[in-house]
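In order, the protein sequence lines correspond to chains F and W.
In terms of the numbering used here, the first sequence opens at residue 105 and continues consecutively.
In terms of the numbering used here, the second sequence opens at residue 105 and continues consecutively.
Below: one structure, written as structure tokens.
Protein chains: 2
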Amino acid sequence: MSKEAKVTIHDLARELETTPATVSRALNNHPRISQKMKDRVKAMAQKLNYQPNIVASNLRTGKSKVVGVIVPNINRHYFSNAIHSIENELAKADYSVMICQTSNSPETEQKLINTLINHKVSGIIISSNKAKANIESLQKALDAGIKIVQFDSIVENLPTSFVRNNDFEASKATVQHMLEQGYHNIALFCGRLSSNIYRDRRAGYLAAHKEYGIEANDAFFFEKTNNRQEGAEAARYIIDNKLGIDAIFSTGDYAALGASLVFKEAGIKIPEDIGLAGYANEPFTEFLNPPITSFDQHSKEIGAIAANQILKEMEKINTPLLDTIVKGTMILRESTLKTKAKS
Amino acid sequence: MSKEAKVTIHDLARELETTPATVSRALNNHPRISQKMKDRVKAMAQKLNYQPNIVASNLRTGKSKVVGVIVPNINRHYFSNAIHSIENELAKADYSVMICQTSNSPETEQKLINTLINHKVSGIIISSNKAKANIESLQKALDAGIKIVQFDSIVENLPTSFVRNNDFEASKATVQHMLEQGYHNIALFCGRLSSNIYRDRRAGYLAAHKEYGIEANDAFFFEKTNNRQEGAEAARYIIDNKLGIDAIFSTGDYAALGASLVFKEAGIKIPEDIGLAGYANEPFTEFLNPPITSFDQHSKEIGAIAANQILKEMEKINTPLLDTIVKGTMILRESTLKTKAKS
DNA sequence: CTGAAAGCGCTAACAC
DNA sequence: GTGTTAGCGCTTTCAG
């Protein structure tokens with residue numbers, strides 16, 4: 105298969121009449137090697153087209169310049185942006201990225217964590233399920249000296265760094281805005297409550313109501329309504345069962361999208377007949393008719409922060425763990441501007 | 105750091121009063137090991153919570169169940185979908201995915217290819233730049249026994265499998281459709297011609313004109329117009345310099361998006377005043393006002409095909425190389441339906 | 001069916 | 001500043 109036998113540090117040593125150890129040290133810029141030797145070694149490496157065997161180095165040192173990233177799905181705007189930044193930042197420090205999708209399956213996640221441990225990655229950046237087995241696996245990773253940074257969906261009681269949004273305040277602010285616009289019967293389209301992010305967003309929704317002096321109606325709570333289809337179904341349910349709902353706060357943009365299209369088809373006007381706000385500021389929210397209010401989570405920044413934090417933790421001992429909260433930005437659009445629509 | 109010392113096959117062997125070789129074989133289901141021994145070994149592995157050191161195994165065998173994926177950017181719909189499928193398919197076969205972004209820099213790409221080679225990956229799935237140095241690096245990977253599958257932007261004269269779209273026919277069909285709608289002065293917004301995909305799309309644009317008996321106007325060719333901003337600039341240029349352009353075929357959706365928004369602001373009506381078609385069927389195209397005609401490339405399928413092909417090549421010797429063409433689907437939308445708009 | 005022994009390529013004490 | 005030596009954990013001939 106190979107044209108020429110693989111060249112190793114032994115070959116370099118032989119050519120230079122020195123030893124593999126010296127070659128290794130020279131290549132790694134060891135301080136106690138003479139500049140002259142370093143130059144000779146590097147020249148010879150170039151000449152023979154020497155390529156270091158990273159695997160051998162990893163085995164010997166027990167470390168590797170690899171970081172694993174575990175997310176539910178790569179092809180969601182939020183994650184693909186976060187991963188984009190993570191790869192960019194880590195590549196600057198010559199780290200490689202191993203990427204894994206759980207599809208929200210705790211079993212898959214556990215398996216992936218184990219695989220990463222066995223690959224001897226130096227760090228894991230993860231948006232986690234909360235299954236007990238996963239927490240144990242993450243703890244095992246920590247015990248093995250692997251640094252972990254959690255983002256998005258996190259397990260609070262693990263001693264790791266976090267990077268997260270202010271989901272509670274964000275949701276509260278959005279719902280407050282809706283209440284102030286005159287929507288007083290706001291449905292909640294919500295993701296799985298097993299995840300802190302959806303729990304927080306729901307809490308924000310409830311807190312806004314409480315502060316405004318309105319009791320949130322339990323019948324207006326749509327759990328597991330988190331994608332386009334589920335959003336569409338919930339919207340149809342709302343249309344069919346005159347519940348008195350005059351607005352929807354959706355903890356995800358896709359459910360809002362599904363609802364938006366159903367309302368449009370049914371001739372129900374947004375924002376006049378029903379208000380609608382999503383979450384995540386997916387690109388399409390800007391272009392819907394009308395454009396829908398959403399919340400930008402700054403996913404690129406989140407990825408960059410997570411990457412730089414894990415870099416510090418991997419390279420400098422005693423780097424303190426950080427809990428970083430990235431404040432999102434409310435993007436007000438036509439879909440909740442009832443007052444403006446009236447005027 | 106670790107709670108307990110790492111357990112190795114030696115530990116298992118000692119406990120079972122056998123040898124590391126037998127343990128290794130048992131764990132790998134070697135046929136000449138008795139079922140009884142396999143059971144004993146696996147039970148003990150479980151009991152001691154043995155975790156194989158993949159790195160050691162990789163060093164010894166010179167292989168690894170890792171595939172590298174190299175793309176310009178992760179956070180484009182096309183690539184994030186392709187990668188989504190790639191990871192899904194490879195994970196089924198217990199392969200891990202290392203992901204790399206070139207940001208369209210040939211130097212970065214070359215560095216990444218080398219890193220993957222040195223990591224001893226078994227395969228590389230790549231959307232490549234065409235720089236000479238990169239081709240040499242890919243050849244080096246092939247020489248090292250690494251399987252390569254190219255998709256999207258490919259280097260034709262390398263002996264690898266390809267997975268691609270029928271960009272030429274797709275573009276030709278779209279432009280034909282526009283010509284038939286009565287747009288006879290169609291501008292071309294185009295990506296870098298160093299890439300086969302944009303060359304092919306341009307060729308399709310030209311072929312459609314030729315077949316229709318109209319000469320394509322050189323002044324209507326906008327090279328390096330491939331993102332939102334460039335598209336907006338080109339649109340402004342078109343507005344300012346009365347060139348007689350009555351439609352735009354853009355080889356990418358983002359440039360079409362930029363143009364669409366500029367036209368809207370300028371009060372220029374799509375499709376009445378100007379026709380507009382994009383390429384890639386980015387999610388937002390469906391929701392623009394009006395929705396814009398585009399071309400769905402089936403990126404998920406492309407990723408899945410690339411992944412399964414490389415799996416075969418890695419696992420079965422003498423797997424033939426495949427050149428798979430995935431036919432895209434034209435998505436006709438309002439932005440090019442001049443006749444319908446008239447009626 | 002199992003054991004003995006060697007070694008993948010590199011690094012890091014420890015010498016001098 | 002450089003050489004000697006041992007070994008990371010695993011697999012795989014070769015022997016029996």
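The C-beta atom is built at its ideal place from N, Cα and C for all residues, glycine as well.
Residue burial is scored here from C-beta neighbours: isoleucine 421 of chain W has fewer than 16 other C-beta atoms within 10 angstroms and is therefore classed as exposed. Of all residues in the stretch 140 to 160 of chain W, those with a C-beta nearer than 9 Å to a C-beta of chain F are Asn153, Gln155, Pro156, Asn157, Ile158, Val159 and Ala160, reading in chain order. Assigned with DSSP and collapsed to three states, lysine 244 of chain W falls in helix. For the stretch 243 to 308 of chain F, the continuous beta strand (DSSP E) assignments of 3+ residues that do not extend past its boundaries occur at 251 to 255, 265 to 269 and 290 to 293, in sequence order. With the rule of 3 Cβ pairs closer than 8 Å, the stretch 347 to 363 of chain W counts as touching the stretch 281 to 294 of chain W. Counting only residues of its own chain and dropping the five nearest sequence neighbours on each side, lysine 431 of chain F has a CB closer than 6 Å to the CB of Asn270. Residue state for leucine 380 of chain W is assigned as strand, using DSSP reduced to three classes. At a cut-off of 4 residues, the continuous stretches assigned as alpha helix (DSSP H) that sit fully inside the stretch 394 to 437 of chain W are 403 to 419. Across the set F:Phe324, F:Tyr309 and F:Ala323, the C-alpha of F:Tyr309 shows the shortest separation from the C-alpha of glycine 317 of chain F. Valine 175 of chain F: member of the beta strand (DSSP E) spanning 170 to 175, first to last residue. For the stretch 386 to 402 of chain F, the set of positions with a beta-carbon nearer than 7 Å to some beta-carbon of chain W reads Pro387, Phe388, Phe391, Leu392 and Asn393 in chain order. When DSSP states are grouped into helix, strand and coil, valine 201 of chain W belongs to the strand group. Beta-bridge annotation (DSSP): isoleucine 349 of chain W is not paired with any residue.
The straight-line gap separating the alpha-carbon atoms of valine 170 of chain F and isoleucine 221 of chain F is approximately 11 Å. The beta carbon of proline 124 of chain W sits closer than 7 Å to those of Ile113, His114 and Ala117, all from its chain and outside the five residues before and after it, given in chain order.
One finds Glu191, Val201 and Ile203 in chain W with Cβ atoms closer than 7 Å to the Cβ of isoleucine 203 of chain F, taken in chain order. Residues of chain W with a Cβ closer than 8 Å to the Cβ of histidine 188 of chain F are, in chain order, Asn177, Ile178, Asn179 and Gln205.
In terms of beta-carbon proximity, leucine 163 of chain W lines the interface with chain F, with at least one pair separated by less than 8 Å. Residue environment for threonine 443 of chain F: exposed (fewer than 16 other C-beta atoms within 10 angstroms of its C-beta). Contacts with chain F (Cβ-Cβ distance below 9 Å) from the stretch 216 to 232 of chain W involve Leu216, Asn218, Thr219, Leu220, Ile221, Asn222, His223 and Lys224, listed in chain order. Burial check for isoleucine 374 of chain F: the Cβ neighbour count within 10 Å reaches 16 or more, so the residue is buried. Neighbours of asparagine 185 of chain W in chain F, taken as residues at a C-beta separation under 7 Å, are given in chain order as Asn179. Taking the C-beta atoms as reference points, alanine 186 of chain W is found nearer than 8 Å to glycine 407 of chain W. In this chain, isoleucine 190 of chain F is not harboured by any beta strand (DSSP E); it is covered by the alpha helix (DSSP H) spanning 181 to 196. Look at isoleucine 318 of chain W here: in three-state DSSP terms it is coil, with no helix or strand label.
Counting along the chain, the unbroken alpha helix (DSSP H) around isoleucine 342 of chain F starts and ends at 332 to 344. Residue pairing from DSSP places phenylalanine 325 of chain F in a beta bridge opposite F:Leu292.
For the 8 Å CB-CB criterion, asparagine 192 of chain W and phenylalanine 183 of chain W do not form a contact. In this structure, the alpha-carbon of arginine 306 of chain F lies about 47 Å from that of aspartate 377 of chain W. Around the Cβ of glutamate 213 of chain F, a 10 Å sphere holds 16 or more other Cβ atoms; the residue is buried. Under DSSP, the beta-bridge partners assigned to glycine 227 of chain F are F:Val171 and F:Lys251.
Take alanine 323 of chain F, set aside five residues on each side of it, and the residues of its chain with a beta-carbon closer than 8 Å to its own are Leu347, in chain order. Residue burial annotation: asparagine 132 of chain F is exposed, with fewer than 16 other C-beta atoms found within 10 angstroms of its C-beta. Contact annotation: serine 231 of chain W and methionine 202 of chain F have beta-carbon atoms that are not nearer than 8 Å.
Taking the Cα positions, valine 127 of chain F is about 13 Å away from glutamine 150 of chain F.
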